[in-house]
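Report on the structure given below.
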Amino acid sequence: MEDIIVRYISRIIVPFVQLYGLYVILHGHLSPGGGFSGGAIFAASMILYALSFNLSAGTKKLSHDVSSVLESGGALIFAGMGLLAVLLGTNFLGNRAAGFPLGIPGNLFSGGAIMVITFGVGIKVASTMITLFYSLIEGEGHSHD
Amino acid sequence: MSAAAHLPALTVVVPLFFAYLMPLLARWRKSWCAATTLAVLAFTFFSSLYLANRVMSSGPFVYHMGGWAPPWGIEFYVDYLAVFTALTISGIGLPVIVYGIKDLPHELKEGVLGWYYTLYLLLMASMLGMALTNDLFNLFVFVEICAIASCAIISIKESRECVEAAFKYLVLSAVGSGCLLLAIALIYMVTGHLNFTFLAATLPGVMAVYPKNILAALALLMVGLGVKAALFPLHVWLPDAHSSAPSPSSAVLSGLVIKIYAVAMIKLLYKVFPATFAGMAPVMAMLLWMSTLAIIIGSMFAIVQEDIKKMLAYSSIAQIGYVFLGVGLASHNALLGGILHIFNHAMMKAMLFLAAGAFIYATGVRKLSQLKGIGVTMPVPAGAFAIGAMAMVGIPVTNGFWSKWYLALGALDAGKPLFAAVVLVSSLLNGIYYLPIIVNAFFSKPEGAVAKPGRLPAVMTGTLVVLGAGCIIFGIFPSLVLGLVSRATRLLLGL
Amino acid sequence: MGCFVIAPFLPKVSEKLRRNVLVLMLCFMVLLAFYNLSGAELRDFTVLKSLAEIGLAPLSFTAHPYARMAVFGFLFVGAIALLYGLQVADPREQAVSLVAVASAVGIGFSANFVSLFFFWEVLTFSVAILILLKQTPHAINMGYRFMIFHVAGGLLLFLGILQHYAATGSFVVEKPAAGLIFFALAIGFKAAFLPLHVWVAWGYPTASFPTSVVLAGLTTKIGVYAVARILPPHPAIALMGASMAVFGICCALLQKDMRRLLSYHIISQVGYMVAGAGVAGYYGIDGSMLHVVNHMLYKALLFMSAGSVLLAAGTENLHDLGHHGEDRHVPPVWRGLPIAALGALIGALAISGVPPFNGYVSKYLLKKAMYGAGPAEKMLMFASVGTVVSFCKFCYFGFIKGRAHIKRDITFTMKAAIILASASCIVLGVYPYLVKNILPYHSKLTVYNPAGIITALQFLGMGLVAFFALNKVLERGIKPPAWMSMEYLFYGPIYRTVFRCCRIVSKLDRDLDHIYEMSGKSGSILVSFTQRFDGALNDAYEKSGGMARRLAERAEQFDSALDDAYGKSGELAKKLAGKAAEFDDALDNAYEKSGDVAKKLAGKAAELDGALDGMYEKSGSHSRSLWDRLRGRPTDWNIKNLNFDSFLMALMLGLFLFILIYYTRNI
Amino acid sequence: MTDTLLRLHQNSYYFFSIVLFIIGFHTMLTHNNLIKKIIGMNIMDTSIFLFFVAIGYVRGGRAPILEPGAGHAYINPLPSALILTGIVVAVSVTAYALSLVVKLYRHYGTIDAEEIMRLRGGETL
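The listed protein sequences derive, respectively, from chains U, B, F and D. If you're matching positions, the first sequence starts at 1 in our numbering and goes up one per residue. If you're matching positions, the second sequence starts at 146 in our numbering and goes up one per residue. If you're matching positions, the third sequence starts at 641 in our numbering and goes up one per residue. If you're matching positions, the fourth sequence starts at 1308 in our numbering and goes up one per residue.
The following block contains the structure:
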């Protein structure tokens, strides 16, 4: 897509979308949203970027390899927090009992492990969607060669 | 609290964790993938062994995720059936992947090997989760993970057949999941619970007020799980999917994956829906007739097949019928036979698929008519195949005999001798399609590609030997598992 | 006790060691047999006690009086048979033979149904493998059929045992309390009851000759033992036995193959035993069990001599043996194979029930048992005469009239086995008291009284007379048409039907899909049709205006055309007159031509005939191809029937909902 | 009549989710285009999500966020939370199915099931 309007608009919009995505991810324990929604928003920004410029520009920002590593990493954060709770001596995915600081309800840094987990989920979802987008687009490219 | 207390969760989470680790490992340390997978599966096996031991000595116990008690949190309920299933899954999954270490590079592209281990571990984790969970929605999540992983494990081969079969499987199982989710919605709507224990307590009261909701949910559950478990008229996706997949995938799909849905069905029917209610609605009778059809017609389909893996796939349809026959008959011996058959069939069908895979690996021949004389040139896989086939027919000294024994006995106990006859007729049908293969394999002259098979790696041979020995050992000493199964049955039937 | 460890690794070890081990085993078997014969106390014996924990009986063995008799036969004759094949048989065959004999002994001594069933199946499979080991396509086919057949029998037994267990809660071998019909059928499979006898002729003549000696003794005798032990005595069983005896003889008389003849004879002889077991009583059981032993001995002997002929002369076809006619250069078989011929003679005399041989003893007991049993008694008498005739045929054409070059001499152990078996035939005949210790009901064995001997000799005489009368007919051998055989009439269709059903069902699967597809298409066609109809209606309105205009134009044209027609009619009349003259000539020609036509017609008729024939053929092939099409190929993978499959799901969902709601509507 | 309509209005979520379900199923059932099949599948899933979420809806309720001094009725957050998981699953199934379709397209150059059957030759049932 070589349209100059789209490029300009998306160049302006993308940072805001990403910021919003991060906000939704990080406030997962306080307001509606969370890892999944935020991750989807974040991924949408990257997809928008890649669509309005082109694929190579998109992969320059976030390469296929990096996104697939992040994909595993996000899930590992989730599972790792659960296992950490076990190591700290409570049940799997235990939170307060495992000694994570709960903070003051309503603050950003509250909810103990939940925030970290949400963050992991966000990374996972975003990178998964980006990876999927890349592989679908690349698949399309192959068949045309 | 020691780590052992967390084993119920760890059994599921560790494979899940390593499943995600696997792509990273494949990126940096390719050679570690297989070893790690093996270690993880060995861990799950030993942890389920430990759980089994604990359950046998001190009875069922629960594990709360995150320490939240049931109405809020997700609960794992470690009872006899759960540990039995977990043992079956990890016990069969381990040798299959050992076999796969050598077989997979032969069948798959280089780049996707790491992903295969991911999918395999995901599959294992989701099945273990299904076995252990005590929560309806959690069950649904595991069902979905399992469905996607099993589709992916088929389509990873990227041949046209595989992709088509996987697509078909995916669409049908997505519809099945939809039905399942709708059923969960209907149940949650009237009870407000998702935990099995709470549901079982609430449902009888609710049933009087909203019978239609529950009945609709029941029908949806049966269809949703039935399509995934390939219960007879809903089996259509199975032959394509199981016959085109790589051999280890076929083994684990046919041996374990369709069974785990049967286990889920058993849990739901016997634990959640109160027994009186199940007696009132003709659920059991429906299952019974469907399984009868599955047994007879599945065998009939298998008789006319020419492709060895396709034949095995159709035979799975018949064999899942046995499990549901046991469920439907609902007498102690029959249910025992059905549950026992989950294990027995997993073992023999995995072995048969692996043996078929070994034939294909070494000779490239898939047609049954061209496999003449394979027993002479490849004695070990053919021997394993023969043992598996004998077990399918239900010859004594093999484990298949015992499941048929208990099923037939259960049919008589339940006062339905017709179904005992069904079991035996299908044994005969099994004989009709398995015996000529063995006979031709061992007593005909090998020709063509069969005469000069390629060398089979020792690991593959060893796996087949282990599984074959397992069939025989559990045939001679069925009491090794029977204690567990019998307690599971008693608990389910409330005896 | 009775169960000994078998050496499945026999084929692996070296030739010499194998022989030594085998000889040791044989000695052991013979020792066991005689230990058993001496009537010494045998301890009960149990293995695999763990089975009891799971609600099953352990494998346990006990020495039932009936079993002791049968087991003596199995062990002793098994030993002789193995000795016979010691030098010629395939090592694998020897190993499996040992398994077979051991499992027969296991069945004999089984104290409960669990071990009975277990050894029953082991016997089935070991015998099937013995047949299969010959490895010719024919043998593989037969062995496979044998396997399927007996697996079916085994499953019936399984069902019977289950019913019995469900009724009584115990596995002890006794007369069944329930599921009698299944027991009867299952045992019928093994004991070759009449419509179930076909496997006898499949298996025994097909196996290699040392093997068939082993086989001849085992499977059917186990059946007889089971009849005596498990089935309650009933006149129907006696009648079945008698008809088996007659049927077997009739079939045997028609055979040209030595071992096929002997195989059909087994049916006949088993008929005697079944009849004895059917009437029961002391004499019945004693006679039948003694006959089991005797029959195993002399049938083994006969099979051994037939096998010797096969080995030495290369054929066992009586017709081929007689092929050399009176050619003096080819010596008669008996001169080349004196020992085999002697064995055959002794065996023939024994089987015909001639006094100093063992067959006489048991037949005498059986006759006593059958006394007054109605038609069965008469039938058995007829069978006795037939036996004599068929064995005259066997000996006469096989050894006296038959001539053959001896290509290969029979081995030492074969001779030894023949001699041993002949000797024991005579010894048991002359001194039957040897077995008195293990005779179940200890009947008096004073069988040599004038009346009995005279009857036996009468049969012998009648048989000989009949044989010489029928000599020529028998020599030619009668091959009954294929459609008369049981297999053709009964089992073939069953097997084919099952197979076709499978094909059709699997075809149905695909066709349902097809039909669904078609219904969709026809639906869409219907829709498009209505659309077209609509359009056509529109068109019709438009067109009707134009039509009216054209109609008016046409009317004008018609008017002018009528004018033209009047002008042309004058010319036409002229041409008609010319044509009439031509017609006359043509008629003349026609008469001439008619002769030709008649000829051609005849030719056409012949052609028609041919065409009709062709049509018949074609219709045949057409119906065949219809069959083929109906059978279809196994369903292939496809993505297309996804629609249908989801439809099926919806259908099932609807069905489930309906059933559930329908049946629980009044809750 | 009005009674029925009133009840329909009160249960409109359920009613329309069932209608959506049927539409989705029908789309899946009748279309040979694989992408349309997937769309049908999605519609079906969405209808179930609607159904599920509707269960937890309380008329006039508010989002269950802890606010100081709130005295409102909250909607039941559990179904929504569950359905979030459901949506994740549905998305991954969709993505996976789409990637399979891409592969099929690479093999055959078409995404029409009938066309694929024809291209593969053999039996075009």
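No residue lacks a Cβ here, since even glycine has one placed at the ideal position from N, Cα and C. Please read all numbers here as calculations on a predicted model, not as lab measurements.
Among the options, the one whose alpha carbon lies nearest that of residue i
{"i": "valine 1396 of chain D", "options": "U/His29, U/Thr128, U/Met46", "result": "U/Thr128"}
{"i": "isoleucine 123 of chain U", "options": "U/Ser67, U/Ile5, U/Leu136, U/Leu48", "result": "U/Ser67"}
{"i": "phenylalanine 588 of chain B", "options": "B/Val570, B/Gly520, B/Ile577, B/Leu629", "result": "B/Gly520"}
{"i": "alanine 831 of chain F", "options": "F/Ala856, F/Val864, F/Tyr844, F/Val812", "result": "F/Val864"}
{"i": "leucine 715 of chain F", "options": "F/Glu814, F/Gly1101, F/Arg899, F/Asn934", "result": "F/Asn934"}
{"i": "leucine 1006 of chain F", "options": "F/Phe997, F/Ala1023, F/Ile925, F/Pro995", "result": "F/Ile925"}
{"i": "serine 1062 of chain F", "options": "F/Ser737, F/Gly1101, F/Ala824, F/Leu985", "result": "F/Leu985"}
{"i": "alanine 75 of chain U", "options": "B/Ala184, B/His251, B/Lys412, B/Val158", "result": "B/Val158"}
{"i": "tyrosine 406 of chain B", "options": "B/Leu379, B/Ala426, B/Ala375, B/Val417", "result": "B/Ala375"}
Local conformation of residue i per DSSP, three classes
{"i": "aspartate 385 of chain B", "result": "helix"}
{"i": "glutamate 592 of chain B", "result": "coil"}
{"i": "tyrosine 355 of chain B", "result": "coil"}
{"i": "phenylalanine 833 of chain F", "result": "coil"}
{"i": "glycine 1272 of chain F", "result": "Low local confidence applies: a pLDDT of 42 at glycine 1272 of chain F is under 50, so the model's placement there is unreliable, with the coordinate-based value given in what follows. Correct three-state label for glycine 1272 of chain F: coil."}
{"i": "asparagine 198 of chain B", "result": "helix"}
{"i": "glutamate 761 of chain F", "result": "helix"}
Cross-chain neighbours of residue i in chain D, by beta carbon under 7 Å
{"i": "alanine 878 of chain F", "result": "Result: empty, since nearest Cβ-Cβ is about 59 Å, beyond 7 Å."}
Contacts of residue i in chain B (Cβ-Cβ under 7 Å)
{"i": "valine 791 of chain F", "result": "Val538, Leu573, Gly576"}
{"i": "alanine 79 of chain U", "result": "Val158, Leu161, Phe162, Tyr165"}
Near the ligand HEM: residue i beta-carbon under 7 Å from a heavy atom
{"i": "alanine 817 of chain F", "result": "For the structure depicted, the ligand HEM is absent and the ligand set is empty, with no information on it obtainable."}
Residue burial classification, residue i (beta-carbon count within 10 angstroms, cutoff 16)
{"i": "aspartate 1310 of chain D", "result": "exposed"}
{"i": "alanine 165 of chain B", "result": "It should be noted that the sequence gives tyrosine, not alanine, for residue 165 of chain B. Buried, because 16 or more other Cβ atoms sit within 10 Å of the Cβ of tyrosine 165 of chain B."}
{"i": "isoleucine 5 of chain U", "result": "exposed"}
{"i": "leucine 1288 of chain F", "result": "buried"}
{"i": "valine 630 of chain B", "result": "buried"}
{"i": "glutamine 1098 of chain F", "result": "exposed"}
{"i": "tryptophan 173 of chain B", "result": "exposed"}
{"i": "glycine 1294 of chain F", "result": "exposed"}
Proximal residues of chain B, C-beta to C-beta of residue i below 9 Å
{"i": "leucine 76 of chain U", "result": "Phe162, Tyr165, Leu166, Leu169"}
{"i": "serine 37 of chain U", "result": "Correct list: empty, because the minimum Cβ distance to chain B is about 18 Å."}
{"i": "valine 69 of chain U", "result": "Pro168, Leu169, Arg172"}
Cross-chain neighbours of residue i in chain D, by beta carbon under 9 Å
{"i": "glycine 369 of chain B", "result": "In chain order: nothing, as chain D lies at least about 11 Å away."}
{"i": "isoleucine 293 of chain B", "result": "Val1396, Ser1399, Val1400, Tyr1403"}
Amino acids of chain F, ordered along the chain, whose beta-carbon sits closer than 9 Å to that of residue i
{"i": "alanine 534 of chain B", "result": "Ordered by position in chain F, no residue passes the 9 Å Cβ test against alanine 534 of chain B, which lies about 11 Å from the chain."}
{"i": "cysteine 324 of chain B", "result": "Met1289, Leu1293"}
Residues that residue i contacts on chain F, provided the C-beta gap is smaller than 7 Å
{"i": "methionine 1335 of chain D", "result": "Ser1286"}
Interface residues of chain F facing residue i [CB-CB closer than 8 Å]
{"i": "phenylalanine 1332 of chain D", "result": "Ser1286, Ala1290"}
Partners in chain U for residue i, counting only beta-carbon separations shorter than 9 Å
{"i": "alanine 1370 of chain D", "result": "Ser31, Pro32"}
Neighbouring residues, chain B, relative to residue i (Cβ below 8 Å)
{"i": "alanine 806 of chain F", "result": "Leu554, Leu557, Asp558"}
{"i": "methionine 787 of chain F", "result": "Gly576, Leu580, Val584"}
{"i": "phenylalanine 1358 of chain D", "result": "Leu327, Ala330"}
Chain D residues whose Cβ lies nearer than 8 Å to that of residue i
{"i": "serine 589 of chain B", "result": "What serine 589 of chain B touches in chain D: nothing, since even the nearest Cβ is about 30 Å away."}
Worksheet item: At a cut of 8 Å, does the region 322–342 of chain B reach the region 358–368 of chain B through at least three beta carbon pairs?
Response: As far as the Cβ criterion goes, the region 322–342 of chain B touches the region 358–368 of chain B, which means the pair count is three or higher.
Discussion item. For the pair the region 192–209 of chain B and the region 352–359 of chain B, tell me if three or more CB-CB distances fall below 8 Å.
Written reply: They do not touch, by the three-pair rule.
Discussion item. Across the region 559–567 of chain B and the region 502–515 of chain B, are there enough close Cβ pairs to call them in contact, namely three or more that are closer than 8 Å?
Written reply: With the cut-off at 8 Å, the region 559–567 of chain B and the region 502–515 of chain B do not touch.
Worksheet item: Are at least three pairs of beta-carbons, each pair with one atom in the region 890–901 of chain F and one in the region 795–814 of chain F, less than 8 Å apart?
Response: Taking 8 Å as the limit for Cβ pairs, the verdict is that the region 795–814 of chain F does not touch the region 890–901 of chain F.
Worksheet item: When Cβ atoms are compared, which residues of the region 49–60 of chain U fall closer than 7 Å to chain E?
Response: Absent here is chain E; the protein component of the structure consists of chains U, B, F and D.
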